[in-house]
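Novice: First, the structure itself, so that you have it in front of you.
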Amino acid sequence: NAGVTQTPKFQVLKTGQSMTLQCAQDMNHEYMSWYRQDPGMGLRLIHYSVGAGITDQGEVPNGYNVSRSTTEDFPLRLLSAAPSQTSVYFCASSSGQGRPYEQYFGPGTRLTVT
Amino acid sequence: SQQGEEDPQALSIQEGENATMNCSYKTSINNLQWYRQNSGRGLVHLILIRSNEREKHSGRLRVTLDTSKKSSSLLITASRAADTASYFCATVNAGNNRKLIWGLGTSLAVNP
Chain A
11 NAGVTQTPKF QVLKTGQSMT LQCAQDMNHE YMSWYRQDPG MGLRLIHYSV GAGITDQGEV
71 PNGYNVSRST TEDFPLRLLS AAPSQTSVYF CASSSGQGRP YEQYFGPGTR LTVT
Chain B
3 SQQGEEDPQA LSIQEGENAT MNCSYKTSIN NLQWYRQNSG RGLVHLILIR SNEREKHSGR
63 LRVTLDTSKK SSSLLITASR AADTASYFCA TVNAGNNRKL IWGLGTSLAV NP
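Going down the list, the sequences are from chains A and B. First residue of the first sequence? That's 11 in my numbering, and the numbers climb one at a time after it. First residue of the second sequence? That's 3 in my numbering, and the numbers climb one at a time after it.
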C-alpha cells in the first residue's frame with residue numbers, strides 16, 4: 011500500500027491564483043481530513059469527510075473548498091490564494107469507522123503565497 | 003481552537019534517559035491520541051487511549067490518562083537519538099467525535 015499520498019510537495023502561488031492540492035489513500039478509509047500547520051499554531055482542521063459524498067467544515071474552512079466523490083480521493087481547492095494561506099498542508103485518513111481514530115498522514119504540501 | 007496544551011514546550015535529554023511529556027485538555031473526551039512528527043515530515047500515530055482507560059503501553063511508550071484532572075502523559079523510556087521529534091497530543095471530544103483537536107506539541111531533542 012502507498013498509504014496517503016499528496017501532490018505537489020511544494021508550490022508557490024501568486025495572490026489571487028487558485029489551485030488544487032491532491033490527496034489520495036489506498037487503504038479504503040472512510041474518514042479523511044485536511045489540516046494546515048503553522049509555526050506555533052499546531053495543526054488546525056480545515057475540512058473533513060466521513061465518507062464519499064459527505065464533507066464538513068473544520069476550524070478554519072474559509073478560503074478552501076473540498077469534495078469527496080470517491081473513497082480514495084479528497085482534493086482541497088484554494089479558491090483565491092492569499093498570503094495568509096502560506097502554510098504546510100497535511101492530508102490524513104483514518105480507519106476508525108468514519109471517525110478520526112489513529113490517523114495516517116501524507117507527507118505534506120508546502121505552499122507559499124506571494 | 004486548541005484543546006490540548008503540551009508541557010514542556012521543549013525538552014532536551016541524553017540518550018538512555020527517560021522523557022516525559024504532559025498534555026492537558028479542557029472538555030470531556032472520547033479518546034486521546036499521541037502522534038510524533040519528525041522534522042519536515044508527516045505525523046505518525048503512536049498510541050490511542052480511551053476515556054475509560056488509565057494506562058497503555060506500546061514498546062518503550064507508556065501513556066497515562068487522568069480524566070479527573072483532564073490530563074495525559076507520554077513517557078518514552080531509554081530514549082534514543084532517533085526519538086528526536088515533536089510530539090503532539092490530540093483529543094476526540096465526547097460531544098463531537100468527528101474532529102481531532104490538537105495541542106501545540108513538545109519538541110524533544112535526544113542528544114547522543
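Ideal Cβ positions, reconstructed from N, Cα and C, are used throughout, including at glycine.
Please classify Met51/A as buried or exposed, where buried requires at least 16 other C-beta atoms within 10 Å of its C-beta.
Specialist: For the purposes of this step, residue 51/A is taken as residue 41 along the first sequence, with counting starting at 1. Met51/A is exposed by the Cβ-count criterion.
Novice: Whole angstroms is fine: what's the gap from Pro117/A's alpha carbon to Tyr41/A's?
Specialist: By one-based count along the first sequence, residue 117/A stands at place 107. By one-based count along the first sequence, residue 41/A stands at place 31. Roughly 18 Å between the two C-alpha positions.
Novice: Check each residue of the segment 54-68 of chain B: if its Cβ is closer than 9 Å to any Cβ of chain A, include it; give the result in chain order.
Specialist: Hits within the stretch: zero.
Novice: Flag this pair as yes or no: are the beta carbons of Val14/A and Ser103/A separated by less than 8 Å?
Specialist: The residue you call residue 14/A lines up with position 4 of the first sequence. The residue you call residue 103/A lines up with position 93 of the first sequence. Their beta carbons are under 8 Å apart, which means Val14/A touches Ser103/A by this criterion.
Novice: Out of Arg43/B, Lys101/B, Thr29/B and Leu34/B, state which residue places its alpha-carbon closest to the alpha-carbon of Val65/B.
Specialist: Taking the first residue of the second sequence as 1, we reach residue 65/B at position 63. Comparing Cα positions, the closest option is Leu34/B.
Novice: Quick one: what does DSSP say Asp36/A is sitting in, helix, strand or coil?
Specialist: Start at 1 with the first residue of the first sequence, and residue 36/A comes out as number 26. Three-state DSSP puts Asp36/A in coil, outside helix and strand.
Novice: Going by alpha carbons, who is nearest to Phe20/A out of Tyr111/A, Glu69/A, Arg109/A and Phe100/A?
Specialist: Numbered from its first residue, the first sequence carries residue 20/A at position 10. Selected option, being the one with the closest Cα: Phe100/A.
Novice: Using DSSP with H/G/I as helix, E/B as strand and the rest coil, what is Ser73/B?
Specialist: Locating residue 73/B in the second sequence gives position 71, counting from the first residue. Here Ser73/B sits in strand by DSSP.
Novice: Can you pull out the residues from the segment 46-63 of chain A whose beta carbon lies closer than 8 Å to at least one beta carbon of chain B?
Specialist: Result list: Gly50, Met51, Gly52, Leu53, Arg54, Leu55, Tyr58 and Val60.
Novice: Listed from N- to C-terminal order along the chain, which residues in the segment 91-106 of chain B have their beta-carbon within a distance smaller than 9 Å of any beta-carbon of chain A?
Specialist: Residues passing the 9 Å Cβ filter: Ala92, Val94, Asn99, Arg100, Lys101, Leu102, Ile103, Trp104, Gly105 and Leu106.
Novice: Using the C-alpha atoms, what's the distance from Ser79/A back to Ala12/A?
Specialist: Your numbering for residue 12/A matches position 2 in the first sequence. Your numbering for residue 79/A matches position 69 in the first sequence. So the two alpha carbons sit approximately 20 Å from each other.
Novice: Check this for me: beta carbons of Asn63/B and Glu55/B, under 8 Å apart or not?
Specialist: Locating residue 63/B in the second sequence gives position 61, where the first residue counts as 1. Locating residue 55/B in the second sequence gives position 53, where the first residue counts as 1. Looking at the sequence itself, residue 63/B is Leu, so the reference to Asn does not match. No; because the gap between Cβ atoms is not below 8 Å, this pair is not in contact.
Novice: Which partner residues does Lys58/B have in the DSSP bridge list?
Specialist: The residue given as residue 58/B occupies position 56 in the second sequence. Per DSSP, Val65/B.
Novice: Could you tell me the boundaries of the beta strand (DSSP E) in which Gln11/B lies?
Specialist: For the purposes of this step, residue 11/B is taken as residue 9 along the second sequence, with counting starting at 1. Where Gln11/B is concerned, there is no enclosing beta strand (DSSP E), given that its DSSP letter is neither H nor E.
Novice: Spell out whether any CB of chain A is found under 8 Å from the CB atom of Asn33/B.
Specialist: Reading the second sequence from its first residue, position 31 is the one you call residue 33/B. True, the Cβ-Cβ gap to chain A drops below 8 Å.
Novice: State the Cα-Cα distance for the pair Gln67/A and His57/A, rounded to the nearest angstrom.
Specialist: Your numbering for residue 67/A matches position 57 in the first sequence. Your numbering for residue 57/A matches position 47 in the first sequence. About 5 Å.
Novice: So, is Leu121/A buried or exposed, given that buried needs 16 or more other C-beta atoms within 10 angstroms?
Specialist: Here the question's residue 121/A lines up with position 111 in the first sequence. The residue in question, Leu121/A, is buried, as its Cβ has 16 or more Cβ neighbours within 10 Å.
Novice: Who are the near neighbours of Asp36/A in its chain, counting only those whose CB is closer than 6 Å to its CB and skipping five residues on each side?
Specialist: Start at 1 with the first residue of the first sequence, and residue 36/A comes out as number 26. Asn11 and Ala12.
Novice: Between the segment 79-98 of chain A and the segment 17-33 of chain B, do at least 3 Cβ pairs fall closer than 8 Å?
Specialist: Touching, no, given that fewer than three Cβ pairs across the two stretches are closer than 8 Å.
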